[in-house]
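For the sequence shown, the working numbering begins at 56 and goes up steadily by one.
Positions of the beta carbon are idealized from the N, C-alpha and C atoms, including for glycine.
Structure, as structure tokens:
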Amino acid sequence: MISPTARAIFLMLLGLPLMVGIALLRPDLWTLSAGWIALVGGLIFLDAMVGPALRAFETDVHAPLILYAGDSDPLPVTFRFTRGSLPARLEVQLETNELLEDQPTRGLRGWEGRERRYDFTLTPMRRGTAKLVRLWCRWQGPLGLVQKRHIQELDTEIVVTPNVRWVKDEAVRLFSRDAEFGIKTQIERGDGSEFDALREFAAGMDRRAIDWKHSARHRHLLAKEFRTERNHNIVFAFDTGRLMSEPLGGVPKIDRAINAGLLLSYVSLRNGDRTMYFGFDARPGLSSGFLSGSRSFPRMQSLASRLDYSAEESNYT
56 MISPTARAIF LMLLGLPLMV GIALLRPDLW TLSAGWIALV GGLIFLDAMV GPALRAFETD
116 VHAPLILYAG DSDPLPVTFR FTRGSLPARL EVQLETNELL EDQPTRGLRG WEGRERRYDF
176 TLTPMRRGTA KLVRLWCRWQ GPLGLVQKRH IQELDTEIVV TPNVRWVKDE AVRLFSRDAE
236 FGIKTQIERG DGSEFDALRE FAAGMDRRAI DWKHSARHRH LLAKEFRTER NHNIVFAFDT
296 GRLMSEPLGG VPKIDRAINA GLLLSYVSLR NGDRTMYFGF DARPGLSSGF LSGSRSFPRM
356 QSLASRLDYS AEESNYT
């Protein structure tokens, strides 16, 4: 699509007082008015012919396969002119649906050969199906009298899921053996209430752990050592009501709760506990059975994605 710019319209209107004056005072010089119109029209035509051509313009869009709620991912796009001149400035804008943050118009300068790469930032506001609708591109001719607009229909759908990537990064940090200095490592032995073994009593140990019967038998102090209990039944109850759909830092509260629930469920499954998801708003919704083992985590992800937004009030009774 080719259209005149504001500069071209201004130049055309600039000759309006001259044409009115000639029409009122010297009608015989009407050729000057026609000459001005022809001059501006010729410059517009020249700018359209000399400037970068629409047919020479191409774009390559590489959309990600999946997006994560509350996290950002790049959308790399390559703009290319196969022949002819290059514009000094290329304006681009990405049109999306309501699940993604609005994309402002960007002005791109500088070319690498005949290409210019730019990464749009895709930030989903909630879970669902994000859609890339159109890619708008616009540039002007060398005289700035004509602007050419290229519209590419994308119609690309991208699934937005809970932020499993954040869960993975946090889980790796929690279970990393090479933890940063200052982070307290998890000690399973010595905590809890499940008996593990007897050991010689040392300074700093709890005196209540001394086993007097075995100490008398072995003639030196022995203390009981406990370990963390396993195989707990843990239920994650998610409130999916209206208030949980409100944004918190740009992300709905329910999505933040799901991310935290996924992280806790991964830790629980890995530590040998049994976990269950339960969702409710005005009435009970999702209810899964108890799952155990790290291999059940993909099932937990699938269940979390089924926790939908609701406009109903939550019922805790």
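Give the single residue among the options whose Cα lies nearest to the Cα of residue i.
i	options	result
R189	F335, V219, L94 and Q148	Q148
P50	A124, S300, V214 and S369	The question about residue 50 has no answer, for the chain in this structure spans 56 to 372.
D126	R193, V222 and L141	V222
M74	N314, W194, T86 and K268	T86
R297	Q202, W166 and R338	R338
R204	A264, A257 and A103	A103
P107	I265, R354, P353 and V201	V201
L163	F256, F352, L155 and P142	P142
D273	D261, F256, R263 and M260	The identity of residue 273 in the sequence shown is His, whereas the question assumes Asp. It is F256.
S365	M299, S357 and S323	M299
S369	G340, G348, E167 and S357	G340
M67	V95, R350, E113 and V306	V95
A93	E113, L109, G70 and L79	G70
Q207	K308, T114, R350 and S349	T114
K308	D261, M260, K268 and L362	L362
L109	F333, G196 and N314	G196
D224	A258, N314 and A61	N314
E156	R181, W166 and A264	R181
Can you tell me the Cβ-Cβ gap for residue i and residue j, rounded? I've got them flagged as a contact below 8 Å.
i	j	result
A118	P217	With 8 Å as the limit, A118 and P217 do not qualify as a contact, their Cβ atoms being about 20 Å apart.
L438	R311	As shown, the chain starts at 56 and ends at 372. That puts residue 438 outside it, with no answer to give.
A226	Y321	5 Å
D266	A278	7 Å
L324	F352	6 Å
L154	V105	Not quite, the Cβ-Cβ distance comes to about 42 Å (not below 8 Å), so this is no contact.
Please work out which residues of its chain come closer than 6 Å, Cβ to Cβ, to residue i, disregarding the five sequence neighbours upstream and downstream, and give them in chain order.
i	result
R161	V147
F65	none
F335	none
G316	F291
F230	none
Identify, in the order they occur along the chain, each residue of the same chain with its Cβ nearer than 7 Å to the Cβ of residue i, setting aside the five sequence neighbours on each side.
i	result
L209	V116, L187, V188, R189 and L190
A252	E280
Q158	Q148, L149, T151 and F175
S270	L276 and L277
I99	P59, A63, L200 and V201
L145	F134, L163, R171, C192 and W194
D128	P119, L122 and L177
R354	L346
A111	F136, T137, R138 and G139
R81	none
G348	L324
E367	G296, R297, D336 and A337
I57	A103, V201 and K203
S342	F333
V306	A124 and G125
Just to confirm the assignment, what range does the alpha helix (DSSP H) spanning residue i have?
i	result
Q13	Given that the chain is displayed from residue 56 to residue 372, the structure contains no residue 13 and the question cannot be resolved.
N288	N288 -> not in any alpha helix (DSSP H); beta strand (DSSP E) instead, spanning N288 to D294.
F345	Per DSSP, F345 belongs to no alpha helix (DSSP H) and is neither H nor E.
W194	Per DSSP, W194 belongs to no alpha helix (DSSP H); it is in the beta strand (DSSP E), G183 to Q195.
D224	V219 to F230
R325	K308 to R325
I77	L71 to L80
L120	It is not in any alpha helix (DSSP H) - L120 carries neither H nor E in the DSSP assignment.
Starting from residue i, follow the beta strand (DSSP E) in both directions and report where the run begins and ends.
i	result
R135	D128 to F136
M28	Within the shown structure, residues of the chain are numbered from 56 to 372, placing residue 28 beyond reach of any answer.
G162	R161 to L163
S140	Run containing S140: none; DSSP gives neither H nor E here.
L177	E170 to L177
So, for residue i: in the same chain, excluding its five sequence neighbours on each side, which residues have a beta-carbon less than 8 Å away from its beta-carbon?
i	result
I238	Because I238 carries a pLDDT of 48, less than 50, the predicted location of this residue cannot be relied on, and the following value inherits that uncertainty. Result list for I238: empty, nothing under 8 Å.
I213	A118, P119, L120, I121, L122, L177, T184, A185, K186 and L187
I242	Legend: pLDDT at I242 = 48, less than 50; position of this residue unreliable, value from coordinates given subsequently. Taken in chain order, the list of residues that qualify is empty.
R254	L277, A278 and E280
L130	V116, H117, A118, P119, L149, D174, F175, T176, L177 and L187
Q356	T216, P217, V219 and L317
W91	G70, L73 and M74
E301	P307 and K308
Comparing the CB of residue i with every heavy atom of the ligand NAP, is any distance shorter than 6 Å?
i	result
S323	Looking at this structure, you won't find the ligand NAP or any other ligand, since it has none at all.
Could you tell me whether the region 130-140 touches the region 157-171, where touching means 3 or more Cβ pairs closer than 8 Å? Counting C-beta pairs closer than 8 Å gives three or more between the region 130-140 and the region 157-171, which meets the contact rule.
Cβ pair count under 8 Å reaching 3, the region 285-300 against the region 324-333: yes
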